[in-house]
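To convert a position in the sequence shown, counted from 1, into UniProt numbering, add 8. Ideal placement from N, C-alpha and C gives every residue a C-beta, glycine not left out. Report on the structure given below.
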Amino acid sequence: KNILIIHGPNLNLLGRREPEIYGKTTLDDINRKLSAISLAAEVRLDTFQSNSEGELINRVQQAMDDETDFIIINPAGLTHTSIALRDALAATGVPFIEIHLSNIYAREVFRHKSYFSDLAIGVISGLGAKGYELALQFALNDR
Ligand code: DQA
9 KNILIIHGPN LNLLGRREPE IYGKTTLDDI NRKLSAISLA AEVRLDTFQS NSEGELINRV
69 QQAMDDETDF IIINPAGLTH TSIALRDALA ATGVPFIEIH LSNIYAREVF RHKSYFSDLA
129 IGVISGLGAK GYELALQFAL NDR
């Protein structure tokens, strides 16, 4: 099994970016934890972060040809704006879970709209870094 984790814009700053909202865990911490879980489960895990919409779209497109079975994605700010990244996920047909560290429904109204949720298998929002682990467990055990 091949699982792809995608982190959108500004998530490279996790740990020092508005920690009262996003927590103190860094992106490296999250990726390391997910890698350890995958290693134990003998699953291949690839992680990718970019601040560029185009690079994110290119990486999602690549999933069509690299035998990715499942995607876990936090589109970050692009959640609320990017029809193009949504279209890329739709094009791949690869099942995905949408993750948000914060509860986007408890925040500004402009965060309540997601271009991804109706295509996702499911959405985890507000459980912090734990959300990624729960999504990975689902991908490993329930898919
Ligand atoms: C986020 C929520 C988005 O609204 C925001 O733009 C982010 C992070 C989250 O993980 O809570 O960058 O996706």
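Could you name the residues of the same chain whose beta carbon sits closer than 6 Å to that of Val-131, not counting the 5 residues immediately before and after it, in chain order? Along the sequence shown, one-based indexing puts residue 131 at 123. Here Val-131 has Glu-106, Ser-125 as same chain residues with Cβ atoms under 6 Å from its own Cβ, once five neighbours each way along the sequence are excluded.
Give the list of continuous alpha helix (DSSP H) stretches no shorter than 4 residues that lie fully inside the region 90 to 122. Runs found: 91 to 100.
Under 7 Å Cβ to Cβ from Thr-76, same chain only, skipping five residues before and after it: list those, please. Numbered from its first residue, the sequence shown carries residue 76 at position 68. Hits under 7 Å: Asn-10, Leu-12, Val-102.
Taking DSSP's pairing of strands, which residues face Phe-56 in a bridge? Taking the first residue of the sequence shown as 1, we reach residue 56 at position 48. Answer by DSSP bridge pairing, in chain order: Ile-14.
May I ask you to verify whether the region 133 to 145 touches the region 29 to 41, counting CB pairs closer than 8 Å and requiring at least 3? Short answer: they touch.
Tell me where the alpha helix (DSSP H) around Gly-139 begins and ends. On the sequence shown, position 131 is the one that residue 139 refers to. Under the DSSP assignment, Gly-139 falls in the alpha helix (DSSP H) whose first and last residues are 138 to 149.
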